[in-house]
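Asker: Sharing a structure, written as structure tokens. Questions coming.
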Amino acid sequence: MYSQKVMDHFTNPRNVGEIETPDGVGEVGNAKCGDIMKIYLKVEENVITDVKFKTYGCGSAIASSSMATEMIKGKTVEEALNLTNKAVAEALDGLPPVKMHCSVLAEQAIKKALQDYARKNNLDIPGLTDIEIDDDHDHHEEIED
Ligand code: FES
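For any residue, its number in the working numbering is found by taking its place in the sequence shown, counting from 1, and adding 1.
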């Protein structure tokens, strides 16, 4: 039921961990399954030079975060912003329909990290500010902060 790529990125995920002094951090959670994903970005001159993730979640969420981080590394902020969960799922040679929402988590965590980066640097990134993130974990963040 899972592609080889999903299995590969699940058993051997790339870019796991955290960045000590990140330029942007994004955390999102899925209210239904309770899974949480956190993305750390290092940005230099508008290019994502490093990215790490931590995912407390299912195999598809881990494979999606691994693939998504690979896809935005070395890319510009704008390119990362345009990464869709569909593109992540396609790069994994597909996810079962019931697991598509797991890849949404990766897209949203990246967007949230980019929002954090923009906010910290007073940047107005076109298309970024009006992104609505369906984040059910606001209360979780408040506790953490
Ligand atoms: Fe929760 Fe996959 S089941 S992210």
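Note that the Cβ used here is the ideal one computed from N, Cα and C, for glycine as well. For clarity, every value in this text was computed on a predicted model and none was experimentally measured.
Measuring alpha carbon to alpha carbon, tell me which of 125, 34, 23, 86 ends up nearest residue 65.
Answerer: Selected option, being the one with the closest Cα: 86.
Asker: Should residue 58 be listed as close to the ligand FES, given that the test is whether its C-beta is under 7 Å from any heavy atom?
Answerer: At least one heavy atom of the ligand FES is nearer than 7 Å to the Cβ of residue 58, so yes.
Asker: What are the complete alpha helix (DSSP H) segments, minimum 4 residues, inside the stretch 58 to 137?
Answerer: Whole alpha helix (DSSP H) segments, 4+ residues: 60 to 73, 78 to 82, 86 to 92, 101 to 121.
Asker: What does a CB cutoff of less than 7 Å around residue 19 pick up in its chain, not counting 5 residues either side in sequence?
Answerer: Correct list, in chain order: 41, 53, 55.
Asker: How many whole angstroms separate the CB atoms of residue 82 and residue 124, which I take to be in contact at a CB cut-off of 8 Å?
Answerer: No, residue 82 and residue 124 are not in contact; Cβ-Cβ is about 12 Å, not under 8 Å.
Asker: Do you know how far the Cα of residue 126 is from the Cα of residue 14?
Answerer: Going from the Cα of residue 14 to the Cα of residue 126 covers about 30 Å.
Asker: Going by CA-CA distance only, name the one from 47, 118, 58, 48 that's closest to residue 34.
Answerer: Of the listed residues, the one whose Cα sits closest to residue 34 is 58.
Asker: Whole beta strand (DSSP E) runs in the stretch 26 to 61 with 3 or more residues, listed along the chain?
Answerer: The qualifying runs are 37 to 45, 48 to 57.
Asker: Classify residue 111: buried if its beta carbon has 16 or more other beta carbons within 10 angstroms, exposed otherwise.
Answerer: It is buried - the Cβ of residue 111 has at least 16 other Cβ atoms within 10 Å.
Asker: Taking residue 119 as the reference, which of 7, 16, 23 has the closest Cα?
Answerer: Considering only alpha carbons, the answer is 23.
Asker: When every heavy atom of the ligand FES is checked, does at least one fall within less than 7 Å of the C-beta of residue 1?
Answerer: Nothing can be reported for residue 1, as the shown portion of the chain is limited to 2 through 146.
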